[in-house]
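Note sheet for the following structure.
2 protein chains.
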Amino acid sequence: MSLDKPNQELRRELKDIASGLEQAASKVPSLTKGCQGEEVTTVLKLIAKLYEDADRLAALADEVKAGRIARAKAE
Amino acid sequence: MSLDKPNQELRRELKDIASGLEQAASKVPSLTKGCQGEEVTTVLKLIAKLYEDADRLAALADEVKAGRIARAKAE
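Chains as they are written, first to last, in our numbering: chain Z, 55 to 129; chain F, 55 to 129.
Set out below in structure tokens:
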């Protein structure tokens, strides 16, 4: 099924934010090398959360692709 | 306008991810205290990106509230 423009844009927006979060998550380890003890746990949770949120957004983008979520045309 | 359940859930999902990103962004400074030089720039960009993405998701949640983005009922 091909999407119309508003829905292509919505899907791209969601996928773009998702990939931005994955990029952010991938940068965190090198920026938090100085962390110790409990901070390390916080860092690991932060990274896991970013990847999880990226997955949630990718799932929403898939719903747009499948037509279950739809953006109306601008009026 | 009151939203039906699938759209309440969609709006909550988007707002929830957005607030998670704001929380993540707020944690970054204390975890990156050891950064120097160019790393500081990377950290600041990372934080700005997380807040920006949170804003984009909040805007999408507002579109759901306004009925411009809608999720169909499960079949």
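C-beta: ideal position from N, C-alpha, C; glycine also.
Of all the CB atoms in chain B, is at least one closer than 8 angstroms to the CB of GLU76 of chain Z?
No chain B appears in this structure, whose protein chains are Z and F.
On the premise that ASP107 of chain Z lies in contact with LEU75 of chain Z, defined as a C-beta separation below 8 angstroms, what is that separation, rounded to the nearest angstrom?
Here residue 75 of chain Z refers to the residue found at position 21 when the first sequence is read from its first residue. Here residue 107 of chain Z refers to the residue found at position 53 when the first sequence is read from its first residue. Confirmed, Cβ separation roughly 6 angstroms.
First and last residue of the beta strand (DSSP E) that includes ALA115 of chain F?
Reading the second sequence from its first residue, position 61 is the one you call residue 115 of chain F. Unbroken run through ALA115 of chain F is the alpha helix (DSSP H), 92-119; no beta strand (DSSP E).
Could you tell me the boundaries of the alpha helix (DSSP H) in which ARG66 of chain F lies?
Numbered from 1 along the second sequence, position 12 holds the residue referred to as residue 66 of chain F. Residues 59-85.
Output, in chain order, the set of chain Z residues within a Cβ distance shorter than 9 angstroms of LEU64 of chain F.
Taking the first residue of the second sequence as 1, we reach residue 64 of chain F at position 10. Using a Cβ-Cβ cut-off of 9 angstroms, LEU64 of chain F is close to LEU114, GLU117 and ILE123 of chain Z, given in chain order.
Going straight from the alpha carbon of ALA115 of chain Z to that of ASP109 of chain Z, what length do you get?
As a working mapping, residue 115 of chain Z is identified with position 61 in the first sequence. As a working mapping, residue 109 of chain Z is identified with position 55 in the first sequence. Their Cα atoms are separated by approximately 10 angstroms.
Should THR95 of chain F be labelled buried (16 or more other beta-carbon atoms within 10 Å of its own) or exposed?
The count along the second sequence starts at 1 and reaches residue 95 of chain F at position 41. Exposed is the call here.
Using only the alpha-carbon positions, how far apart do ALA124 of chain F and ARG66 of chain Z sit?
The residue labelled residue 124 of chain F in the question sits at position 70 within the second sequence. The residue labelled residue 66 of chain Z in the question sits at position 12 within the first sequence. Taking the straight line joining both Cα atoms gives about 16 angstroms.
Which class does ARG122 of chain F belong to by DSSP, given the choice of helix, strand or coil?
Walking along the second sequence from the start, residue 122 of chain F turns up at place 68. Note: ARG122 of chain F maps to coil in three-state DSSP.
Just to make sure I have the definition right: I need the residues of chain Z whose C-beta is within less than 8 angstroms of the C-beta of ASP107 of chain F. Which are they?
As a first step, residue 107 of chain F must be located in the second sequence, where it is residue number 53. Chain Z residues near ASP107 of chain F: ILE71, GLY74 and LEU75.
For chain F, find out if any of its Cβ atoms is closer than 8 angstroms to the Cβ of LEU100 of chain Z; answer yes or no.
By one-based count along the first sequence, residue 100 of chain Z stands at place 46. It does: the Cβ of LEU100 of chain Z has a partner Cβ on chain F nearer than 8 angstroms.
In angstroms with no decimal places, state the Cα-to-Cα distance between LEU104 of chain F and PRO83 of chain F.
Residue numbering aside, residue 104 of chain F sits at position 50 when the second sequence is read from its first letter. Residue numbering aside, residue 83 of chain F sits at position 29 when the second sequence is read from its first letter. Rounded to the nearest angstrom, the two C-alpha atoms are 13 angstroms apart.
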